[in-house]
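In terms of this note's numbering, the sequence shown opens at residue 522 and continues consecutively. Virtual Cβ for every residue (Gly too), placed ideally from N, Cα, C. This report concerns only the one structure given below.
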Amino acid sequence: MADLKILLSEKELPDRWYNVQADMPNLPKPPLHPVTREPVGPQDLAPIFPTDLILQEVSRERWIDIPDEVRDIYRLWRPSPLHRARRLEKALDTPARIYYKYEGVSPAGSHKLNTAVPQAYYNKKAGVRRLATETGAGQWGAALAQACSFFGLDCTVYMVKVSYHQKPYRRSVMQIFGSEVFASPTDRTASGRAVLAGNPDSPGSLGIAISEAVEDAATHADTNYALGSVLNHVLIHQSVIGLEAKKQMEKAGDYPDVVIACCGGGSNLGGIAMPFAHDRLVEDRKIRLVAAEPSACPTLTRGLCAYDFGDVAGLTPLLWMYTLGKDFMPPGIHAGGLRYHGDSPLVSRMVADGIMEARAYGQTDVFESAVVFARSEGVIPAPEAAHAIHCAVEEALAAREAGTPRVILFNLSGHGLLDLASYDAFLGGRLEDYALPEEQLGEAMAKLPAVE
Ligand SMILES: *Cc1c(COP(=O)(O)O)cnc(C)c1O
């Protein structure tokens, strides 16, 4: 019987990241300056990002060296394991072979540390003293807090208020690593005060918290901003997931028919899928790439591909991406990491070009699959990652229906041990599915910024 766990040695840790921009038939349209609406240049980004990351953002190089200082920290948990989910296959009675790459082994509990570490490193190298960022459910804030403590940087986190109260333990994690954490909207920034003036009880949103963090960075010379998803350099850093997975599939003597990941801003999806997209784009291999998103925040399946702001106040460059409109207020579903109005421009381009598919699922179905997975494989998945599991289950059942084998690879982006309140809600029958009527969806999209 084949191995259940396919491991790589430390020596097999990739020494270069992969940049899919080198191989895409079409690139996304360029980001535009929020005021002039002209393409942004490096000088526009310099107040909030270090040069190394700006260069990666616009790089067309296929391979980018991973600095030794970053690899030294990656080695704390990387290479991460690839598992053959034999017990899940059995539970589903499927002829499919299911593999999953497990990113929950990182000390932060998710894939987010793969980019937090290089972002902290390049900022430290550039002489920055402090990083400001936002966090939704808290995974990104926790990862950046940890990375900043590795490199001796201060860290300020604007945490979406509803999560600040719902997920107190993620806040504790950030504080253990020395970060200061504020419930957003705050009265520390003009963007926060503007929101509070309109609604003192605002539960906050990622878009609002991003405005606050960007403003903090732009108004303090010693402070930069860090984003945990969406941007090209983030997807480049996350490619380490897919590069390892390719070597591991090769060791297993298998190759995926379909690669699946959940999609909030697109970073863990880009991370696992882009190195396989290379095979499809350059070597013409038949492989499907699938994004799984919540039906309560259906950016790729029901949004528009257009220019939009990354934040609510309109401080960020306009990104060409699938969006539900920056003012879209997603329902309070339990996969907080998937409640973002926009998406990575690279993922958006690939979906628009038919290179990637997208599917949307309701949270009760997703949690059902999460529990099946937990009971067979023994890992309690993050609610975000459970969307990928549900999609993999759907593929495995389709293989059973068709009576043909199928090789499924999905990314298990994190564990759910700090999300047990969500599981309580599911087990207690208190989880709601939200049908989003077309009118409600259209409202925020009707207000997209006009661009020539
Ligand atoms: C943040 C997060 C996500 C969603 O972000 P992406 O950028 O789309 O990957 C998914 N899973 C986990 C565990 C997360 O922490």
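- Less than 8 Å divides the Cβ of proline 551 from the Cβ of proline 560.
- Counting C-beta atoms within 10 angstroms of its own C-beta, aspartate 708 has fewer than 16 neighbours from the protein chains shown and is therefore classed as exposed.
- Looking at the backbone, the Cα of lysine 968 and that of aspartate 586 are separated by about 41 Å.
- Distance check between glutamate 922 and each of Leu597, Thr572, Pro600, Thr615 places Thr615 closest, using alpha-carbon atoms only.
- Contact between the segment 601-621 and the segment 675-693 is absent: fewer than 3 CB-CB pairs across the two stretches fall below 8 Å.
- Judged by DSSP secondary structure, glutamate 814 falls within the beta strand (DSSP E) whose first and last residues are 809-815.
- When the five nearest sequence neighbours on each side are left out, the beta carbons in the same chain lying within less than 6 Å of the beta carbon of alanine 664 are those of Ala629, Lys633, Leu634, Ala637, in order along the chain.
- Shortest gap from the CB of lysine 622 to any heavy atom of ligand 1: 7 Å or more.
- Shortest Cα-Cα distance from leucine 613 to any of Ala917, Glu733, Ser580, Ala879 involves Ala917.
- Classified as buried, threonine 820 has 16 or more neighbouring CB atoms from the shown chains inside 10 Å of its CB.
- In the structure shown, asparagine 547 falls within a coil segment according to DSSP collapsed to helix, strand and coil.
- Boundaries around lysine 622 are those of the beta strand (DSSP E), 618-623, since no alpha helix (DSSP H) includes it.
- In the structure shown, serine 869 falls within a helical segment according to DSSP collapsed to helix, strand and coil.
- Under DSSP, no beta-bridge partner is assigned to glycine 853.
- Secondary structure of threonine 820 (DSSP, three-state): helix.
- Excluding five sequence positions before and after leucine 764, the CB atoms of its chain that fall closer than 7 Å to its own CB belong to Pro535, Tyr539, Pro796, given in chain order.
- Looking from the CA of proline 563, the closest CA among Thr557, Thr572, Pro555 belongs to Thr572.
- A contact between stretches requires three or more CB pairs, one per stretch, nearer than 8 Å, and the segment 777-786 fails this requirement with the segment 523-534.
- Around the beta carbon of leucine 933, 16 or more other beta carbons sit within 10 angstroms, so the residue counts as buried.
- In terms of side-chain proximity, the C-beta atom of alanine 903 is found nearer than 7 Å to a non-hydrogen atom of ligand 1.
- Beta-bridge pairing by DSSP links phenylalanine 703 to Tyr679.
- With a cutoff of 7 Å, glycine 728 does not count as near ligand 1, since its C-beta is closer than that to no heavy atom of the ligand.
- By the Cβ criterion, the segment 943-959 is in contact with the segment 874-888, since at least three pairs of Cβ atoms, one from each stretch, lie closer than 8 Å.
- Here DSSP, grouped into helix, strand and coil, assigns alanine 742 to coil.
- Note on tyrosine 621: 16 or more other CB atoms within 10 angstroms of its CB, so buried under the neighbour-count rule.
- Residue pairing for threonine 656: DSSP places it in a beta bridge opposite Met680.
- 8 Å or more divides the Cβ of phenylalanine 698 from the Cβ of tyrosine 679.
- Distance from the Cα of glutamine 759 is smallest, within the candidate group Ser816, Pro639, Pro777, for Pro639.
- The segment 738-747 and the segment 642-656 touch, with no fewer than 3 CB-CB distances between them shorter than 8 Å.
- Pairing alanine 965 with alanine 906, the inter-Cα distance amounts to about 27 Å.
- In the DSSP assignment, cysteine 784 falls outside any alpha helix (DSSP H), carrying neither H nor E.
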